[in-house]
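Have a look at the structure below, then the notes.
In the working numbering, the protein residues as written are -15 to 151.
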């Protein structure tokens, strides 16, 4: 799984320090959940109980590696969510802040949109985005997604950007 500048692979146990570093950066998690950092112990619980077991049927958040430097720079993938009682498939992406503004999130999201269509045979995709997160809104729009509604996800106000194969 790769693009021009990125490679993707499932997380492994040795990748935990990087995963924890994302959760430990207040700017990275500003628009993730409640926008609060997690301790190493909290990040480990998420890593062991949610992230690693989350690889099902080609879905999950994959470690994003910068090809040239061979360093992890974030993660992206397709994950199943339940939004307003409906099963949805979300394209998610997080980046270390030193890689913001360079097009990596869009590159990863485009890859996973195509992957979702071609490999997972999905016909609808969403992004759940907090209204103030302009960077993620821009990525969703580049994917051809449109704002469908405001809702709440895990008690957090979000906007649902959606795309269906008919768009």
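Cβ coordinates follow ideal geometry from the N, Cα and C atoms, glycine included.
{"Asked": "Expressed to the nearest angstrom, what Euclidean distance is found between the alpha-carbon atoms of residue 9 and residue 21?", "Found": "6 Å"}
{"Asked": "Nearest by alpha-carbon distance to residue 75: which of 2, 104 and -11 is it?", "Found": "104"}
{"Asked": "So who's on the other strand from residue 76, going by DSSP bridges?", "Found": "61"}
{"Asked": "Alpha carbon to alpha carbon, how far is residue 113 from residue 15? Give it in angstroms, no decimals.", "Found": "8 Å"}
{"Asked": "Looking at the secondary structure, which residues open and close the alpha helix (DSSP H) in which residue 131 lies?", "Found": "That residue, residue 131, is in no alpha helix (DSSP H); its beta strand (DSSP E) goes 130 to 137."}
{"Asked": "With DSSP as the reference, label residue 44 as helix, strand or coil.", "Found": "strand"}
{"Asked": "For residue 53 and residue -9, I'd like the C-alpha separation in whole angstroms.", "Found": "11 Å"}
{"Asked": "Between residue 5 and residue 32, what straight-line distance do the alpha-carbon atoms span, to the nearest angstrom?", "Found": "15 Å"}
{"Asked": "How would you call residue 149, buried or exposed, if buried means at least 16 neighbouring beta carbons within 10 angstroms?", "Found": "exposed"}
{"Asked": "In whole angstroms, what is the alpha-carbon distance linking residue 36 and residue 42?", "Found": "13 Å"}
{"Asked": "Can you tell me the Cα-Cα spacing of residue 27 and residue 57, whole angstroms?", "Found": "17 Å"}
{"Asked": "Measuring only the C-alpha atoms, how far is residue 95 from residue 139?", "Found": "30 Å"}
{"Asked": "Taking the straight line between their C-alpha atoms, what separation do you get for residue 135 and residue 87?", "Found": "28 Å"}
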